[in-house]
Amino acid sequence: MVSGKKGFIITEMILGLLAAVLAVSMLLGKGEQKRNKVSVILQNADDSQWASAKYGLKTAGEDFGVEVTIVNMESGSTAKKQKQMMETELKNGADALIVQPAAGGDAESAAAKIRKNIPIMLLESISSEDGKKKEWPVTEPDNYEMGQELAKELLKDYNGNLQGKRIGIFAETMDMEIIRRRDEGFRDAIKEANGEIIWSVAGSFTEASGALTSWPKIDIVIALDDRSVKTAGRYADGNQLWGAVVYGIGHSTESVYYLDTRNVECLVVPDEFDAGYQSLKEVSQALEKFWPEMKSRRIAHTVLRRDCLFTKESQKILFTMSQ
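The sequence shown lines up with residues 0 to 322 when you count with numbering that gives the first Met the number 0.
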């Protein structure tokens, strides 16, 4: 009988000890809960065009408990270089990647190899070698629609008739899916307006790379990305753009500055804060699942003109750009 009581007491002590160990383990587990790590690869990550997106990423990181690392990729980097950068982030412990794809048709095949090992969310549609759009999760505006929106604003100012107007289309590179879609949207929207597209060029057009004004004289400049808006605005500010009127797609404080100083007539502005926030939100939610599967997210865009810069909506956009 005594022996039985001893056995019972020993059993109780062992169970109590196990319970204590389990409780301590659970407490430690809570304190050391692993935060997901997400690396974000951006071309010219320090450029002001990314201010809103980075603010959105930072805000989402705080809201969802995700550790966010911004990785800079030099402008013009190849798909091969980007693949190496993604591999490095994978080795450094990233649980997922958010990527602005490199230009060129080989970008998709390069990223697809990394995608087998880690979830990837894109911040822009990716180009492929066969020219066909691939099924990737992407957080972006409707680029075709933004091109059309730009054309609609232009047509408003010219009463729907561009007869006799010479147009130049300008982008940093034409070798990206988002630029192709914007270009297509713009061209489709002005088909019946009798305007003449004189040239369509790509480049940075800095002092070292040659002058934009080496191209034939035009009346209207259509800038399809933020860097091109800033370049065209700078040329206009220096009276080096033949007096041409600039319409563009941009999302930096510099682009808005040129709008405010009347060197740019109209801006179509994608909500880059929301792009950053929604992309990380989607990634964060996917990482909580056993099988991380992500969906594409569409973000909005806004038309800005000088006379509406001080509206509540415009000020909200400008605030995110200045963070």
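Backbone N, C-alpha and C fix where the C-beta goes; we use that ideal spot for every residue, glycine too.
Source: prediction; values computed, not measured.
Handout entry: Spatial neighbours of aspartate 270 in its chain, beta-carbon cut-off 6 Å, leaving aside the 5 residues before and after
Key = Ile298, Ala299
Exercise for the section: Starting from the C-beta of serine 76, find all residues in its chain whose C-beta is less than 6 Å away, skip the five residues before and the five after it, and write them out in chain order. Expected result: Ala101
Handout entry: Bounding residues of the alpha helix (DSSP H) (the contiguous stretch that carries arginine 304)
Key = Per DSSP, arginine 304 belongs to no alpha helix (DSSP H) and is neither H nor E.
Problem - Boundaries (first-last residue) of the alpha helix (DSSP H) holding isoleucine 99 - result: The residue asked about is misnamed: residue 99 is glutamine in this sequence, not isoleucine. Careful: glutamine 99 lies outside any alpha helix (DSSP H) and carries neither H nor E.
Practice task
Look at the alpha carbon of threonine 138 and the alpha carbon of glycine 242, and state the distance between them as a whole number of angstroms.
Solution key: 37 Å
Practice task
Examine the Cβ distances between the stretch 259-277 and the stretch 69-87 and report whether three or more of them are shorter than 8 Å.
Solution key: no
Exercise for the section: Taking the CB atoms as reference points, tell me whether tyrosine 246 and leucine 317 lie closer together than 8 Å. Expected result: Contact flag unset, no.
Exercise for the section: Using only alpha-carbon positions, find the residue among Thr87, Pro291, Glu264, Ser321 that is nearest to aspartate 306. Expected result: Glu264
Exercise for the section: Would you mind reading off the limits of the alpha helix (DSSP H) that contains glutamate 66? Expected result: For glutamate 66, there is no enclosing alpha helix (DSSP H); the residue is part of the beta strand (DSSP E) that begins and ends at 66-72.
Problem - CB contact below 8 Å: alanine 101 versus chain B - result: Protein chain content of the structure displayed is limited to a single chain, and chain B is not contained in it.
Problem - Nearest candidate by alpha-carbon position, reference methionine 120, set Ile40, Asp224, Asp156 - result: Ile40
Problem - Own chain partners of tyrosine 234 with C-beta closer than 6 Å, once the 5 adjacent residues on each side are dropped - result: Contacts found: Leu211, Leu240.
Exercise for the section: Assign serine 38 to one of three DSSP states: helix, strand, or coil. Expected result: strand
Handout entry: Exposure of arginine 226, with buried meaning 16 or more beta-carbon neighbours within 10 Å
Key = buried
Practice task
Kindly indicate which residue of Asn43, Lys33, Ser51 has the alpha-carbon position closest to the one of glutamine 277.
Solution key: Ser51
Exercise for the section: Check whether the Cβ of tryptophan 241 lies closer than 7 Å to any heavy atom of the ligand ZN, and answer yes or no. Expected result: With respect to the ligand ZN, the structure offers nothing, as it holds no ligand at all.
Problem - Backbone CA spacing between glutamine 322 and tyrosine 54 [nearest angstrom] - result: 6 Å
Exercise for the section: Taking 8 Å as the threshold, find out whether the stretch 213-223 comes into contact with the stretch 154-171 through three or more Cβ pairs. Expected result: Touching, per the Cβ criterion.
Practice task
Answer yes or no: do serine 38 and threonine 58 have a C-beta to C-beta separation smaller than 8 Å?
Solution key: no
Practice task
Kindly indicate the opening and closing residues of the beta strand (DSSP E) around phenylalanine 185.
Solution key: No beta strand (DSSP E) contains phenylalanine 185, which is instead part of the alpha helix (DSSP H) from 176-188.
Exercise for the section: Count the C-beta pairs between the stretch 78-88 and the stretch 96-113 that are closer than 8 Å, then say yes if the count reaches three, no if not. Expected result: yes
Practice task
Measure the C-alpha to C-alpha separation of lysine 151 and alanine 111 and round it to an integer number of angstroms.
Solution key: 37 Å
Exercise for the section: Using a threshold of 8 Å, state whether the C-beta atoms of leucine 161 and alanine 192 are closer than that. Expected result: The Cβ atoms of leucine 161 and alanine 192 sit closer than 8 Å to each other.
Exercise for the section: Taking all protein chains shown into account, decide if threonine 87 is buried (16 or more other Cβ within 10 angstroms of its Cβ) or exposed. Expected result: With fewer than 16 Cβ atoms within 10 Å of its Cβ, threonine 87 is classed as exposed.
Exercise for the section: Determine the closest residue to glycine 146 out of Glu134, Tyr157, Ile178, with distance taken between C-alpha atoms. Expected result: Ile178
Exercise for the section: Pick helix, strand or coil for phenylalanine 169, following the three-state DSSP scheme. Expected result: In the structure shown, the three-state DSSP call for phenylalanine 169 is strand.
Handout entry: Beta-carbon contacts of tryptophan 49 that lie in its chain and below 6 Å, excluding the five residues immediately before and after
Key = Leu41
Practice task
Pick helix, strand or coil for valine 245, following the three-state DSSP scheme.
Solution key: strand
Exercise for the section: Would you identify the three-state DSSP class for threonine 138, choosing helix, strand or coil? Expected result: Threonine 138 falls in the strand class under three-state DSSP.
Handout entry: Beta-carbon gap between proline 291 and proline 136 smaller than 8 Å
Key = no
Exercise for the section: Spell out the partners DSSP gives valine 220 in its beta bridges. Expected result: Gly167, Val245
Handout entry: Inter-residue spacing [alpha-carbon to alpha-carbon] between serine 283 and isoleucine 219
Key = 43 Å
Practice task
Tell me where the alpha helix (DSSP H) around glutamate 107 begins and ends.
Solution key: Start and end: 106-114.
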